[in-house]
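Engineer: Numbering-wise (our numbering), the sequence shown opens with residue 589 and increments by one.
Idealized CB from N, CA, C, for every residue including glycine.
All of these numbers come straight from a predicted model, not from anything done at the bench.
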Amino acid sequence: MTGHSQAKEAGIFVRLVLLGAPGAGKGTQAAALAAHYRIPHISTGDIFRQNLSQGTRLGLMARGYMDQGLLVPDNVTEAMVADRLREADALAGFVLDGFPRTLPQADALEQMLAGWQAELTAAVLLAVSAERLVARLTARRVCPQCGATYHLAFHPPQTAGVCDRCGAALVQRDDDAAPTVRTRISVYEEQTAPLITFYRARSLLQEVNGEQPVDVVTATVIARLGGARP
Ligand code: ADP
Ligand code: ADP
Ligand code: ZN
């Protein structure tokens, strides 16, 4: 029996996919849900950015795509996620933030999980209007050290420019400049939005209004998933 199916036998698994446009709140909600369910928050964007800052081959390869707001090729991204999901902490569940982003990636995830006799708990869609997305992204600030996410107006840190969690200086992501933001939103509409139909067809889709305050969105997701910690 694989580790993944043992975790399932023990009943300690919540495996979530967060869907939503850039700026919908996936990173923010993934962090809160990971803390609530005590499962790892796996963000493909964060893994690419870590590789970039460490100058790895993967990072250098991903950079050109990320700077333009385009998707890194599926085979590269799928291999990276497969490696991450094989790590011990993911046996008890995970929240995936930013993966899958294409239909081939969704198929690849389904096959990986099937190979481990594991299933997704849900795909949570954070619904936010297009106008709101741009306002969120252009004033987003992130912590380069711990990955925490802030917003200058909607979710400011306690001390301006400083991460509440770890004290590092906050930065703006290069790809949060206005022209790249528009490309990323259209890439989402063309390549990622079809996943809504994919997960709805599997009865896994949970759509939540992502325009509510952060805490309300988190509480709504937890209630939809059945309330208390597993
Ligand atoms: P994503 O990972 O989907 O791109 P983020 O979690 O990084 O989205 O959120 C994008 C921006 O919007 C950040 O600046 C974040 O602080 C802010 N934000 C996230 N959720 C909300 C919310 N419910 N209300 C207002 N602002 C939010
Ligand atoms: P956001 O939540 O604002 O959309 P992310 O941090 O998730 O941004 O992703 C940043 C960039 O990393 C994407 O624009 C893309 O270039 C790359 N990336 C992240 N996840 C994937 C993925 N699943 N497939 C391909 N590229 C990805
Ligand atoms: Zn931090």
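1) Is the closest heavy atom of ligand 4 to the C-beta of R753 under 7 Å?
2) Which residue marks the beginning of the beta strand (DSSP E) containing G798, and which one marks its end?
3) Rounding to the nearest angstrom, what Cα-Cα distance links M589 and L813 in this structure?
4) Let's see if you can read the secondary structure: which residues bound the beta strand (DSSP E) around V602?
5) Just how far apart, CA to CA, sit V669 and I635?
6) Determine the burial state of L697: buried for a count of at least 16 other Cβ atoms within 10 Å of its Cβ, exposed for fewer.
7) Looking at ligand 3, does it come within less than 7 Å of A736, judged from the CB to the closest heavy atom?
8) So is D685 buried or exposed if we call it buried at 16+ other beta carbons inside 10 Å?
9) Nearest-angstrom Cα distance between A609 and G798?
10) Report back the beta-carbon spacing between G611 and R724 to the nearest angstrom; my notes put them in contact at under 8 Å.
11) Along the chain, where does the beta strand (DSSP E) that runs through H629 open and close?
12) Taking A718 as part of the alpha helix (DSSP H), name the residues at either end of that continuous run.
13) By the 10 Å Cβ neighbour count, where 16 or more other Cβ atoms means buried, how is A620 classified, buried or exposed?
14) Would you check if there are 3 or more beta carbon pairs closer than 8 Å linking the region 737-754 to the region 622-631?
15) Mind checking whether L792 and A710 have CB atoms under 8 Å apart?
16) Rounded to whole angstroms, what is the Cα-Cα separation between A678 and G652?
17) Would you kindly work out how many angstroms separate the C-alpha atoms of P767 and Q705, rounded to a whole number?
18) Once DSSP output is grouped into helix, strand and coil, what is the label at A766?
19) Looking at M654 and D763, is the spacing between their C-beta atoms short of 8 Å?
20) Quick one: using the 10 Å Cβ neighbour count with 16 as the cut-off for buried, is R753 buried or exposed?
Structural biologist: The structure says:
1) Absent from the structure shown: ligand 4. Ligands present: ligand 1, ligand 2 and ligand 3.
2) G798 -> no beta strand (DSSP E), and no H or E assigned at all.
3) With a pLDDT of only 43 at M589, under 50, the local geometry of the prediction cannot be trusted, and the value read off the model is given with reservation. Approximately 27 Å between the Cα atoms of the pair.
4) V602 -> beta strand (DSSP E) spans V602 to L607.
5) Their Cα atoms are separated by approximately 9 Å.
6) The residue in question, L697, is buried, as its Cβ has 16 or more Cβ neighbours within 10 Å.
7) Taking non-hydrogen atoms of ligand 3 into account, the C-beta of A736 is found less than 7 Å away from one of them.
8) Flag for D685 reads buried.
9) In this structure, the alpha-carbon of A609 lies about 11 Å from that of G798.
10) Between G611 and R724 the beta-carbon gap is near 4 Å, inside 8 Å, which marks them as a contact.
11) Start and end: H629 to S631.
12) Per DSSP, A718 belongs to the alpha helix (DSSP H) from A718 to T726.
13) By the neighbour-count rule (16 or more Cβ atoms within 10 Å), A620 is buried.
14) With a cut-off of 8 Å, the region 622-631 and the region 737-754 do not count as touching, because too few Cβ pairs lie within range.
15) A contact, by the Cβ cut-off of 8 Å.
16) A678 and G652: Cα-Cα distance of roughly 29 Å.
17) So the alpha carbons of these two residues sit roughly 43 Å apart.
18) Helix.
19) Note that the C-beta distance between D763 and M654 is below 8 Å.
20) Its Cβ having fewer than 16 others within 10 Å, R753 is exposed.
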